[in-house]
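In the UniProt record's numbering, the protein residues as written are 1 to 160.
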């Protein structure tokens with residue numbers, strides 16, 4: 001799973017269709033910036049900077065206040081780890097996040113295509129079975145093949 005767990009960040013992460021809108025998930029934006037800063041171990045100004053740079057983009061409340069989800073908190077911790085422990089600059093971290101999001105999107109697409117291919121293969125097998133079931137069983141294939149046990153000896157002509 002990528003830095004952001006394979007999901008995109010920012011707007012558009014709202015509740016999924018068919019889900020209880022009051023059910024909290026790791027994507028539900030519930031933490032104000034001060035709580036998110038406390039949970040991630042970072043200063044609120046660092047969170048604002050990360051938002052401006054597009055590293056971690058929380059959802060916005062009606063009053064334009066930032067609201068962080070549990071997934072955002074994990075991503076903040078990962079950005080901090082990459083920066084402090086691995087020595088990667090913020091531009092590099094942003095590129096890593098972009099590439100991990102792209103990989104996650106491609107993996108999702110591969111899964112969709114695999115399911116489509118498997119579905120098509122099942123349909124083909126069903127149609128093939130239906131064709132075989134429709135064969136007339138009272139007809140027997142006939143081939144007119146001459147079987148012989150004759151031996152032919154070849155002798156070259158002698159010039160003579």
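For each residue, glycine too, the CB sits at the ideal point set by N, CA and C. All figures in this text were calculated on a predicted structure; none of them were measured in a lab.
**Message:** According to DSSP, simplified to helix, strand and coil, what is residue 59?
**Reply:** strand
**Prompt:** Tell me which same chain residues have a C-beta within less than 7 Å of the C-beta of residue 43, skipping the five on either side of it?
**Reply:** 37
**Asked** Does DSSP classify residue 109 as helix, strand or coil?
**Response** helix
**Prompt:** Taking the Cβ atom as the reference point for each residue, do residue 110 and residue 79 lie within a distance shorter than 8 Å?
**Reply:** no
**Item:** Continuous alpha helix (DSSP H) stretch holding residue 47: start and end
**Value:** 44–53
**Span of the alpha helix (DSSP H) around residue 151** = Where residue 151 is concerned, there is no enclosing alpha helix (DSSP H), given that its DSSP letter is neither H nor E.
**Prompt:** Per DSSP, what kind of secondary structure is residue 136 in: helix, strand or coil?
**Reply:** coil
**Request:** Confirm the yes/no value for this check: CB of residue 73, any heavy atom of the ligand GTP, distance under 7 Å.
**Result:** Looking at this structure, you won't find the ligand GTP or any other ligand, since it has none at all.
**Message:** In the DSSP assignment, the alpha helix (DSSP H) including residue 88 goes from what residue to what residue?
**Reply:** Where residue 88 is concerned, there is no enclosing alpha helix (DSSP H), given that its DSSP letter is neither H nor E.
**Prompt:** For residue 64, which of helix, strand or coil comes out of DSSP?
**Reply:** coil
**Asked** Which of the three DSSP states, helix, strand or coil, is assigned to residue 122?
**Response** helix
**Prompt:** Could you give the distance in angstroms between the alpha-carbon of residue 116 and the alpha-carbon of residue 20?
**Reply:** 29 Å
**Message:** Using a 10 Å radius around the Cβ and a threshold of 16 neighbouring Cβ atoms, would you call residue 156 buried or exposed?
**Reply:** exposed
**Message:** Let's test the definition: count the other Cβ atoms within 10 Å of the Cβ of residue 68 and tell me whether it reaches 16, buried, or not, exposed.
**Reply:** buried
**Message:** For residue 33 and residue 66, which I take to be in contact (beta-carbon distance under 8 Å), what is that distance rounded to the nearest angstrom?
**Reply:** 5 Å
**Prompt:** At which residues does the alpha helix (DSSP H) containing residue 35 begin and terminate?
**Reply:** 33–40
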